[in-house]
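Visitor: For the sequence shown, this note's numbering gives the first residue as -18, with consecutive numbering after it.
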Amino acid sequence: MSEYPWGEATATGVGSHPGADHAEAIRVVFGELPALPYLPELPARGVGADLIGRTASLLVELPVEVQPSGWRFADRPGRDFKRARDHLVRDLDALEEAAQGYEGPFKIQVCGPWTLAGAVELRHGDKTLADPGAVRDLVGSFAEGLAAHVADVRRRVPGASRIVVQLDEPGLPGVLAGTVPTASGFGRLAVVEAPIAAERLGAVLPEGAFTVVHCCAPGVPFGVLRAAGVGGVSLDASLLRRRDEDAIGEAIEAGTAFFLGVVPGVDSRLPDVDVVAKPAVELWRRLGFPVATLASQVVLTPACGLAGASPAYARAALAKAREAARVLRDDPGE
């Protein structure tokens, strides 16, 4: 289907990789996932290579630093902020070299604004999520910084037909349910209403990019994501429940792409490709959608990031996702 940036039978990764050799991780990604490569993240490198610090380094005029409790906004950029920026710039330099001659869609990942707001503390110690005004400031800074990041990636990967931006929002279900703990841990932050959650999320989606929200937690808020205007949803297929299927069916019918995590994210015995592809095929069949749309609307991925895997397994998992994606096109069954 022409509205998706990728072709049929596509696989990709969620984002994180094991180890500290970013150049090697990029080579693996381009080698195993030629239809939709991405910029891998290597959190094992330490402070600033983690999801929160990496994304916070993109914020405009909102520097961060590390405290014993985690990331916190600071008065001025310091060592931690610089370290996070240095990691990202080195990664982008390696990407620019690896992507020479590449043509096709390219994916990047950042932490979503709600998960970021639930993780980064204000200067006086409360979480950003506790202060609606601070959330508004964070969203504005985030939108500006993400747009600049996307423009930088476009410049470095001139053959990219379209940038796919994945926002990681594992914390969003908790934000909507009011289960995010306060900074002290003794209380819970107030519920964020669904319309506000959708509005703030929609405000950071970069113009011209195809946006996907990744949520590897149970209770993916499909309605909020659709209201925000995202183009796709990325999730762990093993966490899907029958009660979700009405919302999933509505999203599929509306054209939402599904990045289905079907390969274990940690070292394990990899099953045959038919078994890997089965959750996607069965979901489509159960909901009554034509198999002709399956291979374009569904992208197969590992269940979550690969940071906890061995390097050899990470490569094998990506290869298995790529091979299983062909089943969706070539042999999905009736």
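All residues carry an ideal CB built from backbone N, CA and C; glycine is no exception.
In terms of alpha-carbon separation, which member of Asp133, Leu110 and Ala115 lies closest to Gly155?
Guide: When each option's Cα is compared against that of Gly155, the closest is Leu110.
Visitor: Please confirm whether Leu221 and Cys196 have their CB atoms less than 8 angstroms apart.
Guide: No.
Visitor: On a CA-only basis, which of Ala141, Leu148, Ser50 and Gly213 is nearest Thr36? Give me that one, please.
Guide: Taking only the C-alpha atoms, the option nearest Thr36 is Leu148.
Visitor: Is the distance from the Cβ of Pro(-14) to the Cβ of Pro86 below 8 angstroms?
Guide: Yes.
Visitor: Helix, strand or coil: how does DSSP classify Gly168 here?
Guide: Residue state, collapsed to three classes: coil.
Visitor: Does the Cβ of His105 have 16 or more other Cβ atoms within 10 Å, making it buried, or fewer, making it exposed?
Guide: His105 is exposed by the Cβ-count criterion.
Visitor: I need the boundaries of the alpha helix (DSSP H) containing Val131, first residue and last residue.
Guide: From DSSP, the alpha helix (DSSP H) with Val131 extends over Pro113 to Arg137.
Visitor: What residue does the alpha helix (DSSP H) around Gly34 start on, and which one ends it?
Guide: Element bounds for Gly34: Leu32 to Ala37.
Visitor: Rounded to the nearest angstrom, what separates Gly168 and Lys108 at their Cα positions?
Guide: Taking the straight line from one Cα to the other gives about 12 angstroms.
Visitor: Check each candidate in Ala141, Ile177, Gln81 and Leu23 and name the one with the smallest Cα separation from Ala361.
Guide: The question about residue 361 has no answer here: the residues shown for the chain are numbered -18 through 315.
Visitor: Inspect the beta-carbon positions of Leu287 and Ala305 and report whether they are closer than 8 angstroms.
Guide: Not closer than 8 angstroms, so no.
Visitor: If we count the other Cβ atoms within 10 Å of its Cβ and call it buried at 16 or more, is Ser142 buried or exposed?
Guide: Classification of Ser142: exposed, given that the 10 Å Cβ count is below 16.
Visitor: From Glu(-11) to Arg310, what does the alpha carbon distance come to, in whole angstroms?
Guide: Approximately 7 angstroms, taken between the alpha carbons.
Visitor: Okay, do the segment 64 to 84 and the segment 159 to 179 touch, 3+ Cβ pairs below 8 angstroms being the bar?
Guide: They do not touch, by the three-pair rule.
Visitor: Under a three-way DSSP split, which group does Lys108 fall into?
Guide: In this structure, Lys108 counts as strand in the three-state DSSP scheme.
Visitor: Looking at the ligand HEM, does it come within less than 7 angstroms of Ala37, judged from the CB to the closest heavy atom?
Guide: You won't find the ligand HEM in this model; it holds no ligand whatsoever.
Visitor: Could you please give the first and the last residue of the uninterrupted beta strand (DSSP E) stretch that includes Gly242?
Guide: Counting along the chain, the beta strand (DSSP E) containing Gly242 begins and ends at Ala238 to Val244.
Visitor: Tell me which residue opens and which closes the alpha helix (DSSP H) that Val156 is part of.
Guide: Leu153 to Ala158 is the span of the alpha helix (DSSP H), which, as asked, contains Val156.
Visitor: Report the residue ranges of all beta strand (DSSP E) runs contained in full by the segment 200 to 224; include only those spanning at least 3 residues, in chain order.
Guide: Runs of the beta strand (DSSP E) inside the segment 200 to 224: 213 to 217.
Visitor: I'd like to confirm the pairing. Which residues does DSSP put opposite Arg60 in its beta bridges?
Guide: None, per the DSSP bridge assignment.
Visitor: Buried or exposed: Glu150, going by 16 or more other Cβ atoms within 10 Å of its Cβ?
Guide: Label assigned to Glu150: buried.
Visitor: In terms of residue numbering, what span does the beta strand (DSSP E) encompassing Gln48 cover?
Guide: Segment Val45 to Gln48, the beta strand (DSSP E) holding Gln48.
Visitor: Enumerate in chain order the residues of its own chain whose CB-to-CB distance from Asp248 is below 8 angstroms, with the five nearest sequence positions on each side excluded.
Guide: Cβ neighbours of Asp248 beyond the five flanking positions: Ala290, Ser291 and Tyr294.
Visitor: Mind checking which residues open and close the beta strand (DSSP E) that includes Gln147?
Guide: Ala141 to Asp149 is the extent of the beta strand (DSSP E) around Gln147.
Visitor: What does the Cβ neighbour count give for Pro15, buried or exposed, with the cut at 16 atoms within 10 Å?
Guide: Exposed, because fewer than 16 other Cβ atoms sit within 10 Å of the Cβ of Pro15.
Visitor: Pull up the distance between the alpha-carbon of Lys259 and that of Arg224, whole angstroms please.
Guide: Taking the straight line joining both Cα atoms gives about 19 angstroms.
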